[in-house]
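Colleague: This is the structure, below, for whatever I ask next.
Protein chains: 4
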Amino acid sequence: MSKGRLEAFSDCIFAVAATLLVLGLHVPGPGSGPLWSQLLANWPAYVTYVISFMTIGIIWVNHHELIGVLQRVDRPILFLNLFLLMTVSLCSFSTAVVSDWILSEREAVVAAALYGGVFALMGLGATAIWAYAVVRRDFVPAYARPERVHASIVRAGAGCLVYLVGSVVALYSVPASLLIYALISIYYVAPVLPKQSRRARVNNPRRPLITIHRSASK
Amino acid sequence: MSKGRLEAFSDCIFAVAATLLVLGLHVPGPGSGPLWSQLLANWPAYVTYVISFMTIGIIWVNHHELIGVLQRVDRPILFLNLFLLMTVSLCSFSTAVVSDWILSEREAVVAAALYGGVFALMGLGATAIWAYAVVRRDFVPAYARPERVHASIVRAGAGCLVYLVGSVVALYSVPASLLIYALISIYYVAPVLPKQSRRARVNNPRRPLITIHRSASK
Amino acid sequence: MSKGRLEAFSDCIFAVAATLLVLGLHVPGPGSGPLWSQLLANWPAYVTYVISFMTIGIIWVNHHELIGVLQRVDRPILFLNLFLLMTVSLCSFSTAVVSDWILSEREAVVAAALYGGVFALMGLGATAIWAYAVVRRDFVPAYARPERVHASIVRAGAGCLVYLVGSVVALYSVPASLLIYALISIYYVAPVLPKQSRRARVNNPRRPLITIHRSASK
Amino acid sequence: MSKGRLEAFSDCIFAVAATLLVLGLHVPGPGSGPLWSQLLANWPAYVTYVISFMTIGIIWVNHHELIGVLQRVDRPILFLNLFLLMTVSLCSFSTAVVSDWILSEREAVVAAALYGGVFALMGLGATAIWAYAVVRRDFVPAYARPERVHASIVRAGAGCLVYLVGSVVALYSVPASLLIYALISIYYVAPVLPKQSRRARVNNPRRPLITIHRSASK
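Residue numbers (my numbering), protein chains in the order written: chain S, 163 to 380; chain R, 163 to 380; chain Y, 163 to 380; chain B, 163 to 380.
Listed below in structure tokens is the structure:
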């Protein structure tokens with residue numbers, strides 16, 4: 163089972179999910195007040211568009227690295243990956259809800275909690291793939307030593323937890339929860355997975371070796 | 163005719179079709195009752211979102227394997243594949259219908275039957291590609307012995323049949339038919355195509371051989 | 163300039179354009195009459211969905227072959243290709259218009275003419291790429307002898323013309339024009355480009371040669 | 163970190179963003195006046211559809227070349243690229259706004275300025291990637307001599323500036339600003355990046371060298 167098509171399919175879902183976010187931005191046509199004030203009144207939609215786009219983008223970057231590190235994929239990884247993609251797709255729904263309801267006094271709490279909940283599910287999906295790969299020892303490259311791998315699982319899981327914390331914070335302050343979601347996406351800008359040392363890379367096991375099968379050599 | 167672009171195009175349609183399912187999830191803006199109760203009342207949309215996303219995902223996994231096994235593709239396979247993709251695309255329509263109408267007492271039957279009917283067409287499309295490839299003997303790899311191939315066609319076709327059964331069951335009990343659709347997607351988690359034995363894989367004919375053309379070799 | 167990304171981008175647009183066709187299928191929620199009769203009344207949408215999906219699919223197959231034959235691509239081809247993709251994208255608009263208006267007595271004519279017009283533009287875009295490549299002699303492989311190439315341009319152009327004829331026929335009979343559009347897509351199932359003879363293929367210039375650069379060979 | 167998946171993800175977002183533009187084209191169903199006059203009244207939507215599609219397409223072509231020239235990519239480039247893709251996605255929003263409001267006497271100014279503003283952000287994103295790559299000297303190929311690279315950054319940046327000028331021009335004349343946007347996309351048809359001389363290409367450092375690792379030679 164090749165990683166190539168898994169990546170192509172995942173890239174496409176990440177890309178479509180990110181692009182569909184734009185459907186949450188819209189202003190009614192003429193006859194509903196001046197355009198300028200409508201565009202300004204729309205600001206929650208822009209804020210959540212940026213937060214959601216960057217979050218999907220950063221999960222894509224980390225997914226990219228995660229799949230790149232895996233030595234091979236099997237059916238359970240395909241299905242964990244489907245779960246992750248299902249939550250990524252959900253993101254345009256939760257983003258639309260939060261941008262519609264964020265200014266509503268009492269309901270904003272529910273919307274912000276939903277928003278964080280979907281992000282937490284996304285984090286859970288990514289963590290589950292990595293945790294499964296680590297349990298199946300031969301899926302991770304030799305240089306990924308146990309103590310570093312554990313740290314990376316903790317780091318990946320921490321993100322989910324903080325999203326849940328953000329959902330709870332939303333009960334008290336909606337802007338604070340949005341800030342937390344934005345900060346997490348900055349936190350994940352730094353790489354999550356364990357790195358190969360420069361020395362190890364010289365004898366890099368990840369380098370695509372072109373093995374030549376000489377059927378007719380001398 | 164290369165398999166690469168066939169896969170790229172198919173992956174993209176599967177991915178877009180799966181992501182468009184999210185358009186079926188939406189709640190009206192403020193002024194239409196509390197958000198919390200609207201989100202809860204939306205539960206049929208979540209159930210059908212998960213069933214449809216997983217079904218598309220699993221058909222994608224099996225399509226992935228099916229195309230991977232084919233030794234080559236010709237124009238009829240391209241057109242059978244187009245038929246399959248057309249039914250996959252239809253899925254977001256039937257999902258929207260079923261999630262809108264599932265709570266309507268008398269109409270739910272029609273919606274659930276439509277839902278199962280589209281899934282049955284998807285199964286039919288996938289089965290047709292595999293059946294055509296088997297009839298053109300040189301499209302399937304040598305290790306696919308007739309008796310195992312027949313079993314796999316039966317297994318693939320069985321799925322279509324059970325979807326049709328689910329459509330009929332919908333006439334009596336809508337929840338039972340949804341349960342059947344969900345169970346089929348779990349049934350297809352297991353691989354459908356015949357497997358190569360471990361021994362055969364040592365002399366694996368599927369391994370991409372890089373043939374070197376030495377134009378200037380001594 | 164690599165053909166790989168041109169194909170990836172084009173495949174994605176073809177795929178998204180084909181999948182977006184499904185947005186033209188929708189029935190209102192409960193409260194607007196029985197579901198069964200609404201689904202039946204929707205039949206023009208299904209007919210045009212199938213015609214449009216198959217037309218996009220067949221243009222994709224021919225595009226696939228066309229790009230595969232090209233020995234290289236340059237900026238004008240990229241821009242001709244953008245024009246083709248722009249018309250492919252338009253297809254979901256013309257399909258929605260025709261499925262909404264086909265039952266309207268006087269307006270159906272306009273809708274069917276628009277439908278054929280967009281198809282004719284698609285055909286024009288594909289023909290233009292092929293004609294440009296033929297004019298730049300070194301873009302087509304050596305086996306494409308002038309007389310066969312001319313035949314293929316005539317054949318490709320003929321499609322555009324027949325779409326235009328269909329648009330005119332729509333003024334007299336809308337069903338007849340739909341039938342013509344469906345028949346054209348069947349006509350294009352057969353390959354348009356000149357074929358290599360079996361003998362020529364033995365010394366196939368299209369086969370991807372892996373040239374080995376031996377920097378350190380004895 | 164491979165360029166392959168960066169390109170696949172970017173291609174997909176460019177493609178979806180371009181295809182979603184079609185959602186801005188729609189006419190109401192029967193009962194709202196003759197179809198013919200509605201289609202004609204829709205002309206601003208067609209003009210902006212063509213301008214936006216071509217602009218996205220041309221930025222895609224240049225992005226294609228830009229990534230192709232880069233010797234490698236790192237995390238900052240991934241994030242600058244995410245910023246670019248976020249602005250490309252926004253384009254279907256600004257296009258819908260401008261096509262809805264362009265005929266509204268006083269508001270057209272705001273819409274045209276927004277339209278140009280989003281294009282300027284797209285140009286800024288592309289320029290930022292190229293400027294960053296030049297600052298990190300080893301990201302650009304050896305043949306890209308400083309003076310030519312600087313000219314290309316100026317040329318890329320000039321586009322952003324002219325988009326901003328177009329936004330200001332919109333305050334005085336909306337058609338003039340649309341003309342400017344259309345002209346810029348024609349300006350960018352010519353390549354932006356420095357070219358290798360024909361002689362240099364003979365010892366082309368961009369040619370994908372297949373290095374053969376002979377583990378068991380002799």
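Think of the CB as a built atom: it goes at the ideal place given N, C-alpha and C, for glycine as much as any other residue.
Please read all numbers here as calculations on a predicted model, not as lab measurements.
Quick check on the burial criterion: 16 or more other C-beta atoms within 10 angstroms. Buried or exposed for residue 225 of chain R?
Modeller: It counts as buried.
Colleague: How many whole angstroms separate the CB atoms of residue 326 of chain B and residue 278 of chain B, which I take to be in contact at a CB cut-off of 8 Å?
Modeller: Correct: roughly 7 Å between the Cβ atoms.
Colleague: Helix, strand or coil, according to DSSP, for residue 109 of chain Y in the structure here?
Modeller: Residue coverage of chain Y in this structure runs from 163 to 380, which leaves residue 109 of chain Y outside it and unanswerable.
Colleague: With 8 Å as the threshold, decide whether the Cβ of residue 291 of chain Y is near any Cβ in chain B.
Modeller: Not an interface residue.
Colleague: Measuring only between beta-carbons, confirm whether residue 178 of chain B sits less than 8 Å from chain S.
Modeller: So yes, residue 178 of chain B belongs to the interface.
Colleague: Any chance the CB of residue 263 of chain S is under 7 Å from a heavy atom of the ligand ZN?
Modeller: Judged by which ligands are present, the structure shown has none, so any question about the ligand ZN falls away.
Colleague: Roughly how far, in whole angstroms, is the beta-carbon of residue 217 of chain S from the beta-carbon of residue 339 of chain S, given that I think they are within contact range, below 8 Å?
Modeller: The Cβ separation is near 13 Å, so there is no contact.
Colleague: Can you check the segment 293-350 of chain Y for any alpha helix (DSSP H) of at least 4 residues that lies completely inside it and give the ranges in chain order?
Modeller: If we require 4 residues or more, the alpha helix (DSSP H) runs fully inside the segment 293-350 of chain Y come out as 308-331, 336-349.
Colleague: Beta-carbon of residue 263 of chain Y versus every beta-carbon of chain B: anything under 8 Å?
Modeller: By this cut-off, residue 263 of chain Y is an interface position.
Colleague: With DSSP collapsed to three states, give me the class of residue 200 of chain Y.
Modeller: Reduced to three states, the DSSP call for residue 200 of chain Y is helix.
Colleague: Check whether chain R comes within 8 Å of residue 205 of chain Y, counting only Cβ atoms and requiring the distance to be less than that.
Modeller: No, because no Cβ of chain R sits closer than 8 Å to the Cβ of residue 205 of chain Y.
Colleague: Does DSSP classify residue 264 of chain B as helix, strand or coil?
Modeller: Three-state result, residue 264 of chain B: coil.
Colleague: Just the chain S side, please: which residues come within less than 7 Å of residue 240 of chain B by C-beta, in chain order?
Modeller: Chain S residues near residue 240 of chain B: 223.
Colleague: Going by other Cβ atoms of all chains shown within 10 Å of its Cβ, with 16 needed for buried, is residue 190 of chain B buried or exposed?
Modeller: Residue 190 of chain B is exposed by the Cβ-count criterion.
Colleague: Using beta-carbon positions only, say whether residue 351 of chain B and residue 342 of chain B come within less than 8 Å of one another.
Modeller: Cβ distance not < 8 Å, so residue 351 of chain B and residue 342 of chain B don't count as in contact.
Colleague: Taking only three categories from DSSP, how would you classify residue 183 of chain B?
Modeller: Three-state result, residue 183 of chain B: helix.
Colleague: Which residue's Cα is closest to the Cα of residue 381 of chain B: B:275, B:264, B:250, B:296?
Modeller: Within the shown structure, residues of chain B are numbered from 163 to 380, placing residue 381 of chain B beyond reach of any answer.
Colleague: Three Cβ pairs or more, each shorter than 8 Å: is that satisfied between the segment 312-324 of chain S and the segment 284-299 of chain S?
Modeller: Result yes; three or more Cβ-Cβ pairs closer than 8 Å.
Colleague: Output yes if chain Y places a C-beta closer than 8 Å to the C-beta of residue 231 of chain B; else output no.
Modeller: Not closer than 8 Å to any Cβ of chain Y, the Cβ of residue 231 of chain B fails to qualify, so no.
Colleague: Measure the C-alpha to C-alpha separation of residue 212 of chain R and residue 199 of chain S and round it to an integer number of angstroms.
Modeller: Approximately 39 Å, taken between the alpha carbons.
Colleague: Checking contacts by CB at 8 Å: is residue 380 of chain R closer than that to chain Y?
Modeller: Note on residue 380 of chain R: pLDDT 32, under 50, position unreliable in the model; the coordinate value appears next. Closer than 8 Å: no.
Colleague: Compare the C-beta of residue 227 of chain B against all C-beta atoms of chain S and say whether one is closer than 8 Å.
Modeller: Judged by the 8 Å Cβ criterion, residue 227 of chain B is not in contact with chain S.
Colleague: What in chain B is Cβ-close to residue 333 of chain Y, meaning under 8 Å?
Modeller: Per Cβ cutoff of 8 Å: no residues; residue 333 of chain Y is ~12 Å from chain B at best.
Colleague: Give me the Cβ distance between residue 209 of chain R and residue 274 of chain R, rounded to the nearest whole Å; I'm assuming they're in contact under 8 Å.
Modeller: So it is not a contact: roughly 12 Å between Cβ atoms.
Colleague: Within 10 Å of its beta-carbon, does residue 196 of chain B have 16 or more other beta-carbons around it, so buried, or fewer, so exposed?
Modeller: Label assigned to residue 196 of chain B: exposed.
Colleague: Rounded to whole angstroms, what's the CA-CA distance from residue 298 of chain B to residue 280 of chain R? Just pull it up for me.
Modeller: Roughly 53 Å between the two C-alpha positions.
Colleague: Could you tell me if residue 164 of chain S is buried or exposed, where buried requires 16 or more neighbouring beta carbons within 10 angstroms of its beta carbon?
Modeller: Per the 10 Å Cβ criterion, exposed.
Colleague: Can you tell which of S:181, S:178, S:193, S:255 has its C-alpha closest to the C-alpha of residue 201 of chain R?
Modeller: Of the candidates S:181, S:178, S:193, S:255, the one whose C-alpha sits nearest the C-alpha of residue 201 of chain R is S:255.
Colleague: If the criterion is Cβ atoms closer than 8 Å, does the pair residue 257 of chain B and residue 328 of chain B meet it?
Modeller: Contact flag unset, no.
Colleague: Going along chain R, which residues have a C-beta under 8 Å from residue 287 of chain Y?
Modeller: What residue 287 of chain Y touches in chain R: nothing, since even the nearest Cβ is about 18 Å away.
Colleague: If we count the other Cβ atoms within 10 Å of its Cβ and call it buried at 16 or more, is residue 300 of chain S buried or exposed?
Modeller: Exposed is the call here.
Colleague: Mind listing the chain B neighbours of residue 182 of chain Y? Cutoff is C-beta to C-beta under 9 Å, in chain order.
Modeller: Chain B residues near residue 182 of chain Y: 181, 182, 184, 185.
Colleague: Would you report the Cα separation of residue 173 of chain B and residue 242 of chain S, rounded to the nearest angstrom?
Modeller: Going from the Cα of residue 173 of chain B to the Cα of residue 242 of chain S covers about 25 Å.
Colleague: By the three-class DSSP mapping on this structure, what secondary structure does residue 236 of chain R have?
Modeller: Looking at residue 236 of chain R - three-state DSSP - the assignment turns out to be coil, as it is neither helix nor strand.
Colleague: Is residue 209 of chain S helix, strand or coil by DSSP?
Modeller: Residue 209 of chain S falls in the helix class under three-state DSSP.
Colleague: What three-state label does DSSP hand residue 279 of chain B in the structure shown?
Modeller: Helix at residue 279 of chain B.
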